[in-house]
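Protein chains in written order, with the working numbering: chain Z, 1 to 528; chain A, 529 to 1033. Think of the CB as a built atom: it goes at the ideal place given N, C-alpha and C, for glycine as much as any other residue. To start, the structure itself, in structure tokens.
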């Protein structure tokens, strides 16, 4: 055990990522116009190695608490407990490495639409990936804030990367202003936390009745901007549309997922008190209902794929929030693994869709939906990959997205009673009918479950409708030009892997789901 | 490995083989699909043949179980009893017939037959699964192939809209059904392994335990299941997707969908909701009686006034679902046996109707009964088959439909305790038989009798054994079971008695 530990220190992946980012930057600086193919190839190779390393963590029983006393090195790398090495961070590592590999592949495919700065974009993706992994391991609010800013600042640059394109600049400004405001609100909440708890760690603390809820709401508001939950979503469509496609893909998947990882961690560790859990659970349920309904409804009239994905992403945020709201053992045991599985299926499907969008836009120079017309006749392979990805997002079995939705709905229905949540009716007086009913109380939890369940079903059906619209265009639309679309070999590999993974994850869900629920419940037991 | 798993693999492997073909030979996909369907047909029959001699566990045979997600108590569990055996047979027959009548598909035949095989695999999987999770997943497998089949190969002017409407409706139904299933899952008692379960055999053994779902919650769960599967079965007022969808789909797709897939919702009600939510079923009887009458009478009247032959067949197929619901409402051995026999018969009748409509449309270019006429002179075989289909549909003795209807009506009449207004319900439902004979015979007259318009003088009959075989196969199924209904009823009744005794009925 100790021997393997010294070869694979717990925070080696983060350090390697930073080193890789710096090497890519220096490469560009010293070898003017570095070979993009070589940069992409070596980055993907290193990321594959790091993923294998992170998968090794998943199978090892190593845990902060188990190893901290044994090795001085580990104690040093543990940063005084500011960074956790537990179930959540173990699950986060392969997830974000996968997202980074996907984003870099899309960036490589996008190279013809970029004048310069390919290596810088790759380096920024790697740096923000580091931020995401650190964020998912944060055990303390200062670490949380620094990691979050590492991600956000990288994205400020990436979103406005094409400085000649006014749309990209507009998107960058919007993202910058909203990002700064939301960070400020969150810092305000963190300040209150420090004020009431006298320290910034998640797990030690005694709740102060009103103040704890107050700083919970402020911090939640800040993070809800990052995951684009209604009503904090207005920036998403413009930023998604204006940003270069690889950045959009990374923003839509990894950045959103990072928000969910830290929300799961923070809510259960810092706000996992008996009374507080029910406050955030109900709040998140309301946000979830709003996000599902508004996100999916707004996606209906969109004619641009990136805007469509932005709004549908808001809808998916809603589904994920349902899982997050039920992630505490006091509410349900299924929420955490459900969110992880849903995020994984969403990540793979979205990456495939944005990759196909990049390949299409390389020829047509825009991401309007009309460019997808007749894709099935031009490039049947591309259309099939996109079909599987869209069907997975729509939640159709036997694909990965279905099992995600299945477990989310299961965790919603499995929700335990929330004490104190009830609606009191004091009788009716209907004018001249003079009908007096006795005062009665409606239990709130079943009502909440049914309302959210109904909204979830309706939203899922709306979602299916607009995804079918894209499939209709691809499969039944007319074409002017029937030459197959060209794409590179990394893109081909990613399309094949993404499609196979979506189907396999949908059929053999058990292993991933088991692993996630095992590791997350380990975290919850350790944290509480 | 159970022979059922092998049967499930046949259409899947066939689809995979067609996918691997090169696009050059345009006949090869049809030949491979036909071979696969024939193999599926033989496999279903050999299962039926060996059914009686196979080892039985609580009435289920050919069982195979392997754990799938142990943490959630889900397992891949397949097996058949008398109820699912005939639905499996139905799938085998209709798949073979549907592939048989599609020999003329010229437009992208590879994809066409892949979709067809996936729909068939979904149906086989749904009817052999005894774990509700897999039951659901297999049924949904057919969703996207159906969408693509109607949208790409459909015959309606705005087929894309029709395809979208059908898919959205069906997925709404499925999601409501899923919500009901999940509620059932979490409210049912925990098994010995410490998890909840979707395993139908285990659930049956939990039924009499004191921790079982209390009667006060059952109506709610049953409501979700009923509305969800009602949409899938096209129960009035959730039926509007069905006639348009079937009219817009290529013949093979309507045959499989109206004939086989639509039985899934009914199967789920009979297999799952009736036995496992008895009090819930009881509380919905009155509402369901009204809805089923609307299906039989209102939709029947709509079918009567419909001029488009395909739409008329679609409405007729919706209308006939009412009889099956009547058998379910009766909830006694006679009524349920009748419902199952009728499901089998209706599957074959619907497939025959849509196959013939497809042939007529191909030859004449229209399905408007006002334009058609006198076709019997040019296509005697089609005329004979269509007349027999019409008679079967109208419930003439000699066809399995008659046997099913008779048992349903007797079962609904002799319910114990009596249904509310059961006399009125049965008499009104009987009137539906008159309505369906009116529109069916009227269709025979308008299409096949009278003067043959000049422009149709070049039409061709269904010629040669190979083309006729699918029709003969379907007709043979209807007539053999019509003359010897005991073939169907004895295994069904013995399977039904298993849980009837458990419920003390």
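* Unbroken stretches of the alpha helix (DSSP H), 4 residues or longer, contained in the segment 255-330 of chain Z -> 256-269, 274-299 and 305-325
* According to the Cβ coordinates, are residue 343/Z and residue 498/Z closer than 8 Å? -> no
* Report buried or exposed for residue 417/Z, applying the criterion of at least 16 other Cβ atoms within 10 angstroms of its Cβ. => exposed
* Just the chain Z side, please: which residues come within less than 7 Å of residue 996/A by C-beta, in chain order? => By Cβ distance, chain Z contributes nothing, its closest Cβ being about 33 Å from residue 996/A, past 7 Å.
* Using 8 Å as the limit for Cβ to Cβ distance, is residue 706/A near chain Z? -> yes
* To do: Step through the CB atoms of chain Z and report whether any lies within less than 8 Å of the CB of residue 634/A.
  => no
* Asked: Going by Cα to Cα distance, which pick from 134/Z, 24/Z, 502/Z and 311/Z is closest to residue 384/Z?
  -> 502/Z
* Asked: Could you give the distance in angstroms between the alpha-carbon of residue 124/Z and the alpha-carbon of residue 16/Z?
  -> 14 Å
* So, is residue 525/Z buried or exposed, given that buried needs 16 or more other C-beta atoms within 10 angstroms? -> exposed
* Asked: Is the segment 581-590 of chain A touching the segment 737-746 of chain A, taking contact as three or more C-beta pairs under 8 Å?
  -> no
* Own chain residues within Cβ distance below 7 Å of residue 930/A, not counting five before or after -> 923, 924 and 1010
* **Distance, residue 691/A Cα to residue 827/A Cα** => 21 Å
* Asked: Among 354/Z, 236/Z, 326/Z and 279/Z, which has the Cα closest to the Cα of residue 298/Z?
  -> 236/Z
* Asked: Just the Cα atoms here: how many angstroms apart are residue 675/A and residue 830/A?
  -> 26 Å
* Asked: Is it true that the CB of residue 288/Z sits closer than 8 Å to the CB of residue 461/Z?
  -> no
* CB contact flag (residue 1016/A, residue 872/A, <8 Å) -> yes
* Asked: When the cut-off is 8 Å and only beta carbons count, does residue 482/Z lie next to chain A?
  -> no
* Asked: What is the rounded straight-line gap between the Cα of residue 908/A and the Cα of residue 1026/A?
  -> 47 Å
* Near residue 631/A, which residues of its chain fall below 6 Å by C-beta distance, leaving aside the five closest residues on each side in sequence? -> 558
* Asked: Does the Cβ of residue 140/Z have 16 or more other Cβ atoms within 10 Å, making it buried, or fewer, making it exposed?
  -> buried
* Entirely enclosed alpha helix (DSSP H) segments - the segment 330-404 of chain Z, minimum 4 residues -> 335-364, 375-378 and 380-394
* To do: State the DSSP-derived secondary structure class of residue 238/Z, mapped to helix, strand or coil.
  => helix
* To do: Between the Cα of residue 578/A and those of 609/A, 601/A and 635/A, spot the shortest distance and give me the residue it belongs to.
  => 609/A
* Thinking just about the alpha-carbon of each residue, which of 296/Z, 81/Z and 180/Z is nearest to the one in residue 465/Z? -> 296/Z
* Member of 640/A, 694/A and 715/A whose CA lies at the smallest distance from the CA of residue 681/A -> 640/A
* To do: Using alpha carbons as the reference points, say which of 793/A, 794/A, 905/A and 668/A lies closest to residue 987/A.
  => 905/A
* Asked: Excluding five sequence neighbours on each side, which residues of the same chain lie with their C-beta closer than 6 Å to the C-beta of residue 346/Z?
  -> 316
* Asked: Where are the alpha helix (DSSP H) runs, 4 residues long or more, that stay fully inside the segment 670-724 of chain A, in chain order?
  -> 671-681 and 687-715
* Asked: By Cβ distance below 6 Å, which residues in the same chain neighbour residue 475/Z in space, the five residues on each side in sequence not counted?
  -> 376
* Asked: How would you call residue 109/Z, buried or exposed, if buried means at least 16 neighbouring beta carbons within 10 angstroms?
  -> buried
* Asked: Which value, in whole angstroms, describes the spacing of the CA atoms of residue 197/Z and residue 276/Z?
  -> 15 Å
* Just list the alpha helix (DSSP H) runs in the segment 907-934 of chain A, keeping only unbroken ones of 4 residues or longer that don't cross its boundaries, in chain order. => 908-921
* Against chain A: residues of the segment 491-516 of chain Z by CB proximity under 8 Å -> 509, 510, 513 and 514
* **Reduced DSSP category for residue 860/A - H, G, I as helix; E, B as strand; rest coil** => coil
* Per-residue contacts from residue 711/A into chain Z (C-beta, under 8 Å) -> 413
* To do: Establish whether the CB of residue 468/Z and some CB of chain A are separated by less than 8 Å.
  => yes
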